[in-house]
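Numbering (the working numbering), first residue to last: 6 to 183. Using N, Cα and C, we set each Cβ at its ideal position, and we do this for glycine too. Since this is a predicted model, take the numbers as computed values, not measurements.
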């Protein structure tokens, strides 16, 4: 998952015409270009260093920065062809595990994508569960769900659920409503 988050950070900063800032963040974190380029799995310590430096640059908390990156990923990273398949917002989220598998199948990146599940569907929303491999990334997924709502013209509200049907600490969950 960190690979996607770091890619989102790089894309976000570059989209503002500030690619040099991303390079400075890497250098200030003690990461040279070759090391960054060659790594396929970014260790937690390395990833958090980069994310904390990025958040500091934008004068945000780490959670605010992760939410921003999740929103950016959802609104900019998904290929237009994926979004023109006539899927609804809920259908897209239900199929996101398969979509990520297809995207990664043609890639050399070895990114572990947390599986997601949808349950408790009603006319006004659903519950979105994901396997919390990397708990600090919960705000990224929160922002991603909000961004996908915008992308599908389905503005939504997202709230964290403390209790869920899965064993505590293994899954995180959000209530998504409109």
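Inter-segment contact for the segment 70 to 80 and the segment 141 to 150 is present: three or more beta-carbon pairs are separated by less than 8 Å. In the DSSP secondary-structure assignment, residue 123 is bridged to 133. In this structure, the alpha-carbon of residue 158 lies about 17 Å from that of residue 131.
A direct Cα-to-Cα measurement between residue 101 and residue 37 gives close to 33 Å.
For residue 23, the three-state secondary structure derived from DSSP is coil. In its chain, beyond the 5 residues on either side, 26, 30 have a beta carbon closer than 7 Å to the beta carbon of residue 62.
Around the beta carbon of residue 79, 16 or more other beta carbons lie within 10 angstroms, which makes this residue buried. In this chain, the alpha helix (DSSP H) harbouring residue 72 covers 67 to 81.
Closest in C-alpha terms to residue 49, from the list 82, 8, 77, comes 8. Close CB contacts of residue 99 within its chain, under the 7 Å cut and outside five residues either way in sequence, are with 123 (chain order).
Judged by DSSP in its simplified three-state form, residue 145 adopts helix. Under DSSP, the beta-bridge partners assigned to residue 180 are 132, 164. DSSP places residue 92 in the coil class of the three-state scheme, outside both helix and strand.
DSSP, reduced to helix, strand and coil, places residue 157 outside both helices and strands of the structure shown, so it counts as coil. Between residue 33 and residue 57, the alpha-carbon positions lie close to 11 Å from each other.
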